[in-house]
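Everything on this sheet refers to the single structure shown next.
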Amino acid sequence: MEQPRRITDSFPRRRRRGPGRPPGRLKDRKEKDKAKAKDKAQLKVRECPRAPSQPPLDPALMEMLRRFDLSWEYGPCSGITRLQRWERAQELGLSPPGPIRDALLEHSDNPDVTYRWVWDGLGW
């Protein structure tokens with residue numbers, strides 16, 4: 000009668016080092032891989048263009064936008080920008096606040112104002 004097959008039979012067997020045996024090549028290879036990964040990480044950091052810094056936003060503005068995001072009476076806010084949500088609410092006759100639209104148009108070049116919403120992170 001033949002022995003039942005195990006799932007581990009399909010994988011190649013690896014010999015383990017016994018206790019007291021020197022680590023050999025494995026340690027050297029790990030150190031080289033770490034050094035290469037570190038060099039690549041530094042290289043990537045240098046190659047990345049820096050985003051233009053945006054001026055810090057007024058906390059009152061961010062609080063106003065946060066309240067708009069949390070207000071479900073203007074419909075869901077996932078997958079669209081804040082301005083699109085405001086315009087959709089206006090078309091549906093929900094009368095969204097006018098200062099929200101003014102702030103969105105004034106800061107249209109800032110992604111924190113245009114795209115960011117409350118679930119993206121609570122640490123404004």
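Under numbering that gives the first Met the number 0, the first residue of the sequence shown is numbered 0, with each subsequent residue one higher. Glycine is no exception: its CB is placed at the ideal position from the N, C-alpha and C atoms.
{"Asked": "For tyrosine 114, does the three-state DSSP call read helix, strand or coil?", "Found": "coil"}
{"Asked": "Apply the 10 Å Cβ neighbour rule to arginine 81 and answer buried if 16 or more other Cβ atoms are within range, or exposed otherwise.", "Found": "buried"}
{"Asked": "In the structure shown, what three-state DSSP assignment does arginine 13 receive?", "Found": "coil"}
{"Asked": "So, is tyrosine 114 buried or exposed, given that buried needs 16 or more other C-beta atoms within 10 angstroms?", "Found": "exposed"}
{"Asked": "Does aspartate 119 come out as helix, strand or coil in the three-state DSSP assignment?", "Found": "Because aspartate 119 carries a pLDDT of 48, less than 50, the predicted location of this residue cannot be relied on, and the following value inherits that uncertainty. If DSSP states are grouped into helix, strand and coil, aspartate 119 belongs with the helices."}
{"Asked": "Rounded to a whole number of angstroms, what is the C-alpha to C-alpha distance between glutamate 30 and phenylalanine 10?", "Found": "27 Å"}
{"Asked": "Nearest CA to the CA of methionine 102: which residue from Arg4, Gly17, Pro3 and Glu62?", "Found": "Checking the sequence, you will find alanine at residue 102 rather than methionine. Cα-wise, what sits closest to alanine 102 is Glu62."}
{"Asked": "Grab me the residues of leucine 60's own chain with a C-beta within less than 7 Å of its C-beta, minus the 5 sequence neighbours each way, in chain order.", "Found": "Ala102"}
{"Asked": "Output the distance between the C-alpha atoms of proline 3 and proline 18, rounded to the nearest integer angstrom.", "Found": "32 Å"}
{"Asked": "Given a cut-off of 8 Å on the beta-carbon distance, is the pair proline 95 and glutamine 89 in contact?", "Found": "yes"}
{"Asked": "Run through DSSP, which three-state label would arginine 4 get?", "Found": "coil"}
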